[in-house]
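A.B. asks: One structure, as structure tokens, below. Some questions next.
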Amino acid sequence: MSGEPWRQQRRVALTILRNVGLGKSTLEDKIKEEIDFFIESLKSIHGTKVDFNEFIGSSVANNVSILMFGHRFEISESQLQKGKKYLPK
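Our numbering numbers the first residue of the sequence shown as 574 and each following residue consecutively.
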């Protein structure tokens, strides 16, 4: 793709990304906050067997949720668990 269609798509994509925080410290802050939640969750399960893929998946899903909906879920929340079943494995 090139020319005017490419410019239009680029313009739309950049507008959308700016609206969700691209180039703003708030986006970075939200991601760092989710990392902090992730680390605290790991600390809370000390000594317990856990599916690490599940933990990582929940954290990634929360980052996407924060960007798209402005809301994060607790890792154990059933809505997050239900929503994840629709994501590719």
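Note that the Cβ used here is the ideal one computed from N, Cα and C, for glycine as well.
Which first and last residues belong to the alpha helix (DSSP H) in which Ser-632 is found?
C.D. replies: Note, Ser-632: alpha helix (DSSP H), 625-642.
A.B. asks: I believe Glu-607 touches Asn-626 by the beta-carbon criterion, under 8 Å. Please report the beta-carbon distance rounded to the nearest angstrom.
C.D. replies: Wrong, their Cβ atoms sit about 17 Å apart, outside the cutoff.
A.B. asks: Where do the N-terminal and C-terminal ends of the alpha helix (DSSP H) with Glu-577 fall, by residue?
C.D. replies: It spans 576-592 - the alpha helix (DSSP H) in which Glu-577 sits, taken as one unbroken run.
A.B. asks: Roughly how many angstroms separate the alpha carbons of Phe-628 and Pro-578, rounded to a whole number?
C.D. replies: Distance between the alpha carbons of Phe-628 and Pro-578: 40 Å.
A.B. asks: Does the distance from the C-beta atom of Ile-639 to that of Lys-603 stay below 7 Å?
C.D. replies: Yes, they are a contact pair.
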